[in-house]
Each structure stands twice: as C-alpha cells, then as structure tokens.
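**Student:**
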Amino acid sequence: MDPRSEVLLRQAELFQGPVMLAGLPADDLLGTLPKARGWSWHAGEQAALDARFPGRCDFGTTAPESEFIAAVLFLPKSRELTDYLLAALAARLPAGELFLVGEKRGGIERAAKQLAAFGKPRKLDSARHCQLWRVSIEQPPAAPDLESLAQRYRLELADGPLEVISLPGVFSHGRLDRGTALLLQQLDGLPGGHMLDFGCGAGVLGAVLKRRYPQSRLTMLDVDAFAAASSRLTLAANGLEADVMTADGIHGAPEGLSAIVSNPPFHQGVHTDYQASEDLLHEAVAHLQRGGELRLVANSFLKYPPLIERYLGPCRTLAEGDGFRIYSARHS
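Sequential numbering from 1 applies to the sequence shown in full-length UniProt numbering.
(1) In terms of alpha-carbon separation, which member of Gly38, Asp177, Pro64 lies closest to Arg56?
(2) Can you tell me the Cα-Cα spacing of Arg79 and Leu190, whole angstroms?
(3) Using the three-state DSSP reduction, which class does Gln275 fall into: helix, strand or coil?
(4) I need the boundaries of the alpha helix (DSSP H) containing Asp83, first residue and last residue.
(5) May I ask you to report which of helix, strand or coil DSSP gives Gly269?
(6) Between His267 and Ala36, what straight-line distance do the alpha-carbon atoms span, to the nearest angstrom?
(7) Using C-beta distances below 6 Å, list every residue in its chain close to Gln186, excluding the 5 sequence neighbours before and after it, in chain order.
(8) Is the distance from the Cβ of Phe15 to the Cβ of Ala70 below 8 Å?
(9) What does the alpha-carbon distance come out to for the pair Gly313 and Leu302?
(10) Using the Cβ count rule (16 or more neighbours within 10 Å means buried), how would you classify Glu67?
(11) List, from N- to C-terminal side, the alpha helix (DSSP H) runs of 4 residues or more that fit wholly inside the region 166-225.
(12) Taking the CB atoms as reference points, tell me whether Ala240 and Ala207 lie closer together than 8 Å.
(13) Which one of Met195, Leu296, Gly323, Glu283 has the shortest CA to CA distance from Arg310?
(14) Grouping DSSP H, G and I as helix and E and B as strand, with all else coil, what is residue 333?
(15) Taking 8 Å as the cut-off, decide whether the C-beta atoms of Ala259 and Arg295 are in contact.
(16) Short of 8 Å in beta carbon distance, which residues of its chain neighbour Val19, apart from the five on each side in sequence? Order them along the chain.
(17) When the Cα of Ala236 is compared with those of Glu163, Gly292, Arg52, Ala117, which residue comes out closest?
(18) Compute the Euclidean distance between the alpha carbons of Tyr304 and Ile250, then round it to the nearest angstrom.
(19) May I ask you to report which of helix, strand or coil DSSP gives Thr61?
(20) By how many angstroms is the C-alpha of Val223 removed from the C-alpha of Gly44?
(21) What is the residue span of the alpha helix (DSSP H) that Ala51 lies within?
(22) Using the Cβ count rule (16 or more neighbours within 10 Å means buried), how would you classify Gly201?
(23) Using DSSP's beta-bridge definition, name the partner residues of Gly38.
(24) Quick one: give me the first and last residue of the beta strand (DSSP E) that Ala253 is part of.
(25) Grab the span of the alpha helix (DSSP H) containing Leu98 for me, first residue to last.
(26) List the DSSP bridge partners of Ile326.
(27) Within 10 Å of its beta-carbon, does Gln139 have 16 or more other beta-carbons around it, so buried, or fewer, so exposed?
(28) Apart from the five residues on each side of it in sequence, which residues of its chain come closer than 6 Å, Cβ to Cβ, to Gly179?
(29) Could you have a look at Phe118 and say whether DSSP puts it in helix, strand or coil?
(30) Mark His129 as exposed unless 16 or more other C-beta atoms lie within 10 angstroms of its C-beta, in which case mark it buried.
(31) With a 10 Å radius around its C-beta and 16 neighbouring C-beta atoms as the bar for buried, classify Met220 as buried or exposed.
(32) Whole angstroms is fine: what's the gap from Leu149's alpha carbon to Arg290's?
Following this line, the structure appears as structure tokens:
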C-alpha cells in the first residue's frame, strides 16, 4: 500500500461515503473504500486500476461527472496542476470536504496553503513521511477552464514559427527545454513512413516532424492525459494533424514504425525513474521496421549507448551540447 493511502486510511471513517480519489496510486485503496471512485490522468496507473477495479476509475483531464460528497487530491508535482485540480474538485463540492495528501518531500506543507482559497485548511494527520490536510468548502469556485490556463509560446525555426501550447503539469511547462532544443537541430535524414514521437509532452517534436515530413504518418504518445491534450492543442494551433494517444510506455506504441524520435521521460513525481526510457531502448526494435531508426536525446551522464547497442544495433552520437547528447541507431 502506498504510504499516502496508508495515511488516508488512518482516518478511514471520513471516506466511507461517495468520495472522489484524484490522482490515486495503483494500490488497493479502492478495494478498502468500496463507495469511492478514482480519477486518473496517468495511463499506466489507470490501466492497473481498471484491471483490478473495473469501471471505478475515470481517465482524463476533467473531473468525472459522477456524484461525490468529498474528494481527496493526491498531490502532483506541479503547483499549477495542483491549482487546477483543487479548483476542479472544489467547484463540485459546495459545502463539501476537500482533502489533500502528499509526501513531505513533495512539498505538501507548501501545497496545503493552496487550500486556503476555499476555506480554512487544517492538518489532520502526519505519518509515513506524509501529511493529510482538510478544508470545508466555504467559497466554491467556478469550474476552471483548462485551456484558459495554458501557456503559449512561439519558436522561431528555420522553416517558420511554431506555436506551442502547454497545459499545467506538462513537462517543461511554458518553455522549450534544452534537450528538445538540441534534438530539434538533428531531425534531418529520418526514414519516411510511420513516425512516433515518444513522450510527446506539449507536442514540440511531433509538430516539427509533421511539418518537415508531411507525407509521413505521425503518432504522438505520452503516459499523461494533460500532455496528450497539450499535443492536440499544439497541432491544431499549427494546422497539423497526427494520431495522439496515451499509453504506459513504448509497449503501447504501434509496430512497423519508420522512426521513433524521443526526449524520453525519466521523472515520476518527486522520484527519479528511468524505467520508461530503459523500456524504450529495450523494446524499440519490436516497433521499428527493418531500416527504421531510433533517435533520441539524453543527459550526457546516462550510459545509454551500451544499452542501445545491446538491444538495437550500432549507436552513433549525432551531436553533443549543454549537457545532452543525441543518439541514433537503426534496426538492421
């Protein structure tokens, strides 16, 4: 059981009715609270919860339509996303109870101050390096408009400007990260066909790929529903079309790809996690056609070339700078 769930269950009498568990971990919490429902935006956790508790967890960027008299938000990493999620839940809880649970090192004490917009927050419990906070909704807000919270910026590229739209919680929210900036300079010479932007985030790489290789089919994949929504907005803002999907890693991607291009994710909440990136290196060969290419950016300190060569083939370093390297390998 996740430590945050364990702290919640120390106050289990508060959660016996219809309660919405937002951002819940994929543990047995729904089994312990039979009247509760979940709301997830992480495709992997959603799949695990749906397998164990069919029909009891909704996936997406907006609060589910089901009725609830209380809600618990499991603290996400992003302050902006926390603001949106708290408002989305509070808007559905006039005179109801809103709870916030999270790890101390994840900033729960700071985040608890965000509850003050709806009433007077009170700390209920502290255990397992986590805290549980509660507020009675005295000032329910209007339901927030997610798109109005987007940050927009323009990239001046050689083939023209690109409009990028980033939603709260998406990687490198409102700015171009250094790794993607380096990879954008190394997108020439990819084999045409069916391309994949793996870990698409706000859709920068995918949009540039579609514009540069207009005859190629493009799929954009991310584990996060807010990232997928951002990519759709970025595509639309630039008059581009692609297939955008959510899945928990490369195993959910199409097969027969001509190219996989990625700034692969390696962070999950407050914990560092390289599993998605390592799975990409291990399984890329199963998704690439013969002659298909994997091209990615990674921090220079990560020992990816030996893994690429073990699972795919000879690895070339195409560029290096600002603490990052661009690697390329083809399925022979």
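We put the beta carbon where it would ideally sit given N, CA and C, even for glycine.
The model shown is predicted, which means the values in this text are computed figures rather than measured ones.
**Tutor:** In short, the structure shows the following:
(1) Gly38
(2) 37 Å
(3) helix
(4) 79-90
(5) Any answer about Gly269 is weak, because its pLDDT of 45 lies below 50 and its placement is not dependable; what the coordinates show is given next. Correct three-state label for Gly269: coil.
(6) Residue confidence for His267 is low, a pLDDT of 49 falling below 50, so the modelled location carries little weight and cannot support an answer.
(7) Leu318, Ala319, Ile326
(8) yes
(9) 18 Å
(10) exposed
(11) 178-184, 204-212
(12) Checking the sequence shown, residue 240 turns out to be Leu, not Ala. Closer than 8 Å, so yes.
(13) Glu283
(14) In the structure as shown, the chain starts at 1 and stops at 332, and residue 333 therefore has no counterpart that could be examined.
(15) yes
(16) Leu33, Lys35, Ala36, Arg37, Phe68, Ile69, Ala70, Ala71, Val72
(17) Glu163
(18) 16 Å
(19) coil
(20) 7 Å
(21) 43-52
(22) buried
(23) Leu21, Cys57
(24) From DSSP, Ala253 is part of no beta strand (DSSP E); its letter is neither H nor E.
(25) Not the alpha helix (DSSP H): Leu98 falls in the beta strand (DSSP E), residues 97-103.
(26) Val297, Ala319
(27) exposed
(28) Asn263, Val297, Phe324
(29) coil
(30) exposed
(31) buried
(32) 43 Å
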